[in-house]
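Undergrad:
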């Protein structure tokens, strides 16, 4: 395999510094404080590493993997996936708690170049089960520990890829999905949509959802089938660069998995102004049902060329999949990494 290296010296120094603190003697008052300090420093180091790996790189199209604390990407084999539909919202209010349109999204004043989705705080998660939703035909990848992490763009803009179809808009999803291609193995990929394409045949490489929309998958990289009890360690990021590459990166705490494909598939970089991120059902409008009680904090951090706080937009979600959690309040933050944050619980 080809080894390609991309380094970010500033962030790499932060990672190294945090790791050093976690292993050095800090002259604590007690042994318990020593343990707490080491845990906090290690968590900070991993958070910094995750932020580094979410940054865009100049690597070519393909699939890549990196292991903590390394910031070097190694090219690995890509896989071709038979597309399963992760649909756009169709029936607001049916079979949902969070999702199917009922979700917060982060809205930027300008164009978004990348987004990082994380779960800063997770409490009470002991089990999760993917279940079918009648309004979507009870489809999807169902059963214990079946879910997807989705980072979705808005579906309100058109590009040249709509080929003049009047009602057509583009929509892109950055996805980690459990058991997507085979049992016991997750997949990381992008799903591309031409919504409102119409009755004419879909473009080459796209399938039809039989409702006037066309969809296709990027190449994929295999990843572990992670149980949702490890949700706090998981993240997914998406990036889009005009005339260059779009990138999805999934991290499971120790390893990062990335797929890069051409932005020319949808030209999503020209119209990306909102980001939705959450844990939901795995394909076909399904729902991720958690045990009770559960509380999850969701954070969506944007890169949009500004330090201004994005807006929290309620009922702005685009995915058709759902979970069984109720939305709490949404807050915003400005600065070097503008973001929104909200809780969902049952």
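Numbering (the working numbering), first residue to last: 12 to 357.
The C-beta atom is built at its ideal place from N, Cα and C for all residues, glycine as well.
It should be emphasised that the depicted structure is a prediction, and the values quoted were computed from it without experimental measurement.
Using DSSP's beta-bridge definition, name the partner residues of residue 205.
TA: The count along the chain shown starts at 1 and reaches residue 205 at position 194. Residue 205 pairs with 181, 225.
Undergrad: Are the beta-carbon atoms belonging to residue 291 and residue 159 less than 8 angstroms from one another?
TA: Taking the first residue of the chain shown as position 1, residue 291 is located at position 280. Taking the first residue of the chain shown as position 1, residue 159 is located at position 148. Yes; because the gap between Cβ atoms is below 8 angstroms, this pair is in contact.
Undergrad: Is it buried or exposed, residue 135, if we count other Cβ atoms within 10 angstroms and call 16 or more buried?
TA: Counted from its first residue, the chain shown places residue 135 at position 124. Counting Cβ neighbours within 10 Å, residue 135 comes out exposed, since fewer than 16 surround it.
Undergrad: Check whether the segment 235-250 touches the segment 185-197, counting contact only when three or more Cβ pairs, one atom from each stretch, lie closer than 8 angstroms.
TA: Touching, yes, given that three or more Cβ pairs across the two stretches are closer than 8 angstroms.
Undergrad: Just list the residues that DSSP pairs residue 309 with in beta bridges.
TA: Stepping through the chain shown from its first residue, residue 309 is reached at position 298. According to DSSP, residue 309 bridges with 353.
Undergrad: Who are residue 113's beta bridge partners in DSSP?
TA: Within the chain shown, the letter at position 102 stands for residue 113. DSSP lists 110 as partners of residue 113.
Undergrad: Over the uninterrupted beta strand (DSSP E) stretch that includes residue 283, give me the two end residues.
TA: In the chain shown, the residue the question calls residue 283 occupies position 272. Run containing residue 283: none; DSSP gives neither H nor E here.
Undergrad: Which of the three DSSP states, helix, strand or coil, is assigned to residue 199?
TA: To locate residue 199, count along the chain shown from 1; it is residue 188. Residue state, collapsed to three classes: strand.
Undergrad: Might you give, ordered along the chain, the residues of its own chain that have their beta carbon closer than 8 angstroms to the beta carbon of residue 231, omitting 5 neighbours on each side?
TA: As a first step, residue 231 must be located in the chain shown, where it is residue number 220. Counting only Cβ-Cβ distances below 8 angstroms, and skipping sequence neighbours, we find 74, 89, 90, 91, 92, 191, 192, 198, 199, 200, 270.
Undergrad: Can you find at least 3 beta carbon pairs, one from the segment 308-316 and one from the segment 111-125, that sit closer than 8 angstroms?
TA: A contact exists between the segment 308-316 and the segment 111-125.
Undergrad: Return the first residue and the last residue of the beta strand (DSSP E) that residue 78 is part of.
TA: Locating residue 78 in the chain shown gives position 67, counting from the first residue. 73-78 is the span of the beta strand (DSSP E), which, as asked, contains residue 78.
Undergrad: Compute the Euclidean distance between the alpha carbons of residue 129 and residue 227, then round it to the nearest angstrom.
TA: Against the chain shown, residue 129 aligns to sequence position 118. Against the chain shown, residue 227 aligns to sequence position 216. Straight-line Cα distance between these residues: approximately 26 angstroms.
Undergrad: With respect to the beta strand (DSSP E) encompassing residue 82, which residues constitute its N-terminal and C-terminal limits?
TA: By one-based count along the chain shown, residue 82 stands at place 71. Note, residue 82: premise wrong, no beta strand (DSSP E); not H, not E.
Undergrad: Give the range of the beta strand (DSSP E) segment to which residue 261 is assigned.
TA: Numbered from 1 along the chain shown, position 250 holds the residue referred to as residue 261. Unbroken beta strand (DSSP E) run through residue 261: 256-262.
Undergrad: Does residue 300 pass the burial test, meaning 16 or more other C-beta atoms within 10 Å, or should it be called exposed?
TA: Numbered from 1 along the chain shown, position 289 holds the residue referred to as residue 300. Residue 300 comes out buried.
Undergrad: Out of 268, 255, 332, which one is the CA nearest neighbour of residue 362?
TA: Residue 362 lies beyond the stretch modelled for the chain, which goes from 12 to 357, so this question has no answer here.
Undergrad: Leaving out five residues before and five after residue 96 in sequence, what residues of the same chain have Cβ atoms less than 7 angstroms from its Cβ?
TA: Counted from its first residue, the chain shown places residue 96 at position 85. Result list for residue 96: 220, 226, 294, 295, in chain order.
Undergrad: According to DSSP, simplified to helix, strand and coil, what is residue 240?
TA: Against the chain shown, residue 240 aligns to sequence position 229. Residue state, collapsed to three classes: helix.
Undergrad: Could you tell me whether the segment 272-285 touches the segment 252-264, using the rule of 3 or more Cβ pairs below 8 angstroms?
TA: With the cut-off at 8 angstroms, the segment 272-285 and the segment 252-264 touch.
Undergrad: So, is residue 349 buried or exposed, given that buried needs 16 or more other C-beta atoms within 10 angstroms?
TA: Within the chain shown, residue 349 is the residue found at index 338, counting from 1. Flag for residue 349 reads buried.
Undergrad: Measure the alpha-carbon distance for residue 282 versus residue 57 and round it to whole angstroms.
TA: Counting from 1 along the chain shown, the entry for residue 282 is found at position 271. Counting from 1 along the chain shown, the entry for residue 57 is found at position 46. Roughly 32 angstroms separates the two Cα atoms.
Undergrad: Classify residue 95 as helix, strand or coil using the three-state DSSP reduction.
TA: Within the chain shown, the letter at position 84 stands for residue 95. It is coil, neither helix nor strand.
Undergrad: Quick check: residue 85 and residue 76, are their CB atoms within less than 8 angstroms of each other?
TA: What you label residue 85 is simply residue 74 of the chain shown in a count that begins at 1. What you label residue 76 is simply residue 65 of the chain shown in a count that begins at 1. Yes, the Cβ-Cβ distance between residue 85 and residue 76 is below 8 angstroms.
Undergrad: Any contact of the segment 315-330 with the segment 338-346, i.e. 3+ C-beta pairs under 8 angstroms?
TA: The segment 315-330 is in contact with the segment 338-346.
Undergrad: Taking the continuous beta strand (DSSP E) assigned at residue 139, which residues delimit it?
TA: Taking the chain shown and counting its residues from 1, the one referred to as residue 139 is at position 128. Segment 139-142, the beta strand (DSSP E) holding residue 139.
Undergrad: Among the candidates 66, 113, 59, whose CA atom is the shortest distance from the CA of residue 80?
TA: Indexing the chain shown from 1 puts residue 80 at position 69. It is 59 whose Cα lies nearest to the Cα of residue 80.
Undergrad: Take residue 212 as the anchor and find which of 67, 202, 174, 233 has the nearest alpha-carbon.
TA: In the chain shown, the residue the question calls residue 212 occupies position 201. Closest option to residue 212, Cα to Cα, is 174.
Undergrad: Can you check DSSP and say which residues form a bridge with residue 266?
TA: Within the chain shown, numbered from 1, the residue matching residue 266 stands at position 255. Answer is 78, bridged to residue 266.
Undergrad: Would residue 51 be called buried (16 or more neighbouring beta carbons within 10 Å of its own) or exposed?
TA: In the chain shown, the residue the question calls residue 51 occupies position 40. When all chains shown are included, residue 51 counts as exposed.
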